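Undergrad:
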Amino acid sequence: MPTAVKTIKVTFLPEGKTCEFDPETLPYKHHGRPLSLLDVAQNFGFPLEHACGGNCACTTCHVVVKEGEEHLSEMEDDEADKLEQAPGLTLHSRLGCQAIVSGDVVVEIPAWNKNYVSEGGGSQLGDGIPPPSNKR
Ligand code: FES
Numbered sequence: 006m007p008t009a010v011k012t013i014k015v016t017f018l019p020e021g022k023t024c025e026f027d028p029e030t031l032p033y034k035h036h037g038r039p040l041s042l043l044d045v046a047q048n049f050g051f052p053l054e055h056a057c058g059g060n061c062a063c064t065t066c067h068v069v070v071k072e073g074e075e076h077l078s079e080m081e082d083d084e085a086d087k088l089e090q091a092p093g094l095t096l097h098s099r100l101g102c103q104a105i106v107s108g109d110v111v112v113e114i115p116a117w118n119k120n121y122v123s124e125g126g127g128s129q130l131g132d133g134i135p136p137p138s139n140k141r
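Numbering of the sequence shown is given in the working numbering, commencing with residue 6 and proceeding in unit increments.
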């Protein structure tokens, strides 16, 4: 009996866009690490910002993991170092171009990146990303 294809679902909030795919056959889109959150977004035409082209050299692909953190690759030093510069860093922050998906995950694009998404993600690093306004 053939085994069923195991698909992975990645959901991007707040848009609620869910990308479902077979990790064995997802083509690499040449932005970020293969099977990273950014690679998945690129495959499905979801405009996750990536000003440095997915090279762990900016923080515009910053996402906050809401579910399935255990289904992402472990954070490496380069990513941790770069994330420290991200506005609104949380304990569940990751760089979309570095975090490789191995199971279902739900991630949220931080509020200060949402404009980029709604505008189709055409911005560049240095456009004056405002700091988060919910600091206490
Ligand atoms: Fe620049 Fe991820 S796209 S660090």
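Heads up, the beta-carbon is just placed ideally off N, CA and C, and yes, glycines get one too.
In this text the structure is predicted, and so the values were computed from the model without any measurement.
1) Who are the Cβ neighbours of residue 129 in its own chain at under 6 angstroms, not counting the five residues just before and after it?
2) Pick out whichever of 23, 46 and 21 has its Cα sitting closest to the Cα of residue 33.
3) Please report the straight-line C-alpha distance between residue 53 and residue 24, rounded to a whole angstrom.
4) Between residue 107 and residue 67, how many whole angstroms is the CB-CB distance? I'm expecting something under 8 angstroms.
5) Can you grab the Cα-Cα spacing for the pair residue 87 / residue 9, in whole Å?
TA: Well, looking at it:
1) Note that residue 129 scores 44 on pLDDT, short of 50, meaning its location in the model is unreliable and no value can be drawn from it.
2) 46
3) 13 angstroms
4) With 8 angstroms as the limit, residue 107 and residue 67 do not qualify as a contact, their Cβ atoms being about 20 angstroms apart.
5) 39 angstroms
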